[in-house]
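Taken in order, the sequence shown gives residues 15 to 131; the numbers are from the numbering used here.
Backbone N, C-alpha and C define an ideal beta-carbon position, used for all residues, glycine too.
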Amino acid sequence: MRRKVYYLSTCNTCKRIMNEVGVDDSFEQQNIKADPVTEAQLNEMYQLAGSYEALFSRVSRKYKELGLKDQTLSEDDYKQYILDGYTFLKRPVFLIGDDIFIGNSKKNVAALAEKLK
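1. Spell out the partners DSSP gives aspartate 107 in its beta bridges.
2. Determine whether the Cβ of asparagine 118 lies closer than 8 Å to any Cβ atom of chain C.
3. Taking serine 74 as the reference, which of Glu128, Met15, Leu22, Leu130 has the closest Cα?
4. Spatial neighbours of lysine 18 within its chain, please: C-beta separation below 6 Å, excluding the five flanking residues on both sides.
5. If contacts are defined as beta-carbon pairs under 8 Å, then isoleucine 116 and lysine 104 qualify, I think. What distance do you get, rounded to the angstrom?
6. Once you ignore the five residues that flank tyrosine 95 on each side, which residues in its own chain have a CB closer than 6 Å to its CB?
7. Give every residue of the same chain whose Cβ lies closer than 8 Å to the Cβ of asparagine 122, excluding the five residues on either side of it in the sequence, and list them in chain order.
8. Over the uninterrupted beta strand (DSSP E) stretch that includes glutamate 42, give me the two end residues.
9. To the nearest angstrom, how far is it from the Cα of asparagine 118 to the Cα of arginine 72?
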């Protein structure tokens, strides 16, 4: 079964979640700052998530700096912003088999932990 995590090495929340769910060497780990997400990888996440918006982070500094909250963004916009900057990918993103777990909500982390049991 595929086990992959997209994370940011400087993100304490990512590190905490990875420790909490027991990420080890059996996981493919991709630090999205050092090794940016490719279009093919993003498209794979999109297929599992159902939208680029679900993968898009609205809490990044750039989101606020660019005034994006005052704009109506399309799926193509979300995709392009994520490809242009790692800060726009909601993280961490776990791919476990054919399931995707996006972000750091308690509900999401609990579902991920259950899947990994």
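In short:
1. Position 93 of the sequence shown, counted from the start, is the residue given in the question as residue 107. The sequence shown places valine at residue 107, rather than the aspartate named in the question. For valine 107, which the question treats as bridged, DSSP gives the partners Tyr20, Ile116.
2. Within the model displayed, chain C is absent; a lone protein chain is all it includes.
3. The residue given as residue 74 occupies position 60 in the sequence shown. When each option's Cα is compared against that of serine 74, the closest is Leu22.
4. Along the sequence shown, read from residue 1 onward, the residue named residue 18 stands at position 4. For lysine 18, where only same-chain residues beyond five positions count, the Cβ hits under 6 Å are Glu42, Leu109.
5. The residue given as residue 116 occupies position 102 in the sequence shown. The residue given as residue 104 occupies position 90 in the sequence shown. So it is a contact: roughly 5 Å between Cβ atoms.
6. For the purposes of this step, residue 95 is taken as residue 81 along the sequence shown, with counting starting at 1. If we look at tyrosine 95 and ignore the five residues flanking it on each side, its Cβ neighbours are Phe102.
7. Mapped onto the sequence shown, residue 122 falls at position 108. If we look at asparagine 122 and ignore the five residues flanking it on each side, its Cβ neighbours are Phe115, Ile116.
8. In the sequence shown, counting from the first residue as 1, residue 42 sits at position 28. Segment 42-45, the beta strand (DSSP E) holding glutamate 42.
9. As a first step, residue 118 must be located in the sequence shown, where it is residue number 104. As a first step, residue 72 must be located in the sequence shown, where it is residue number 58. So the alpha carbons of these two residues sit roughly 13 Å apart.
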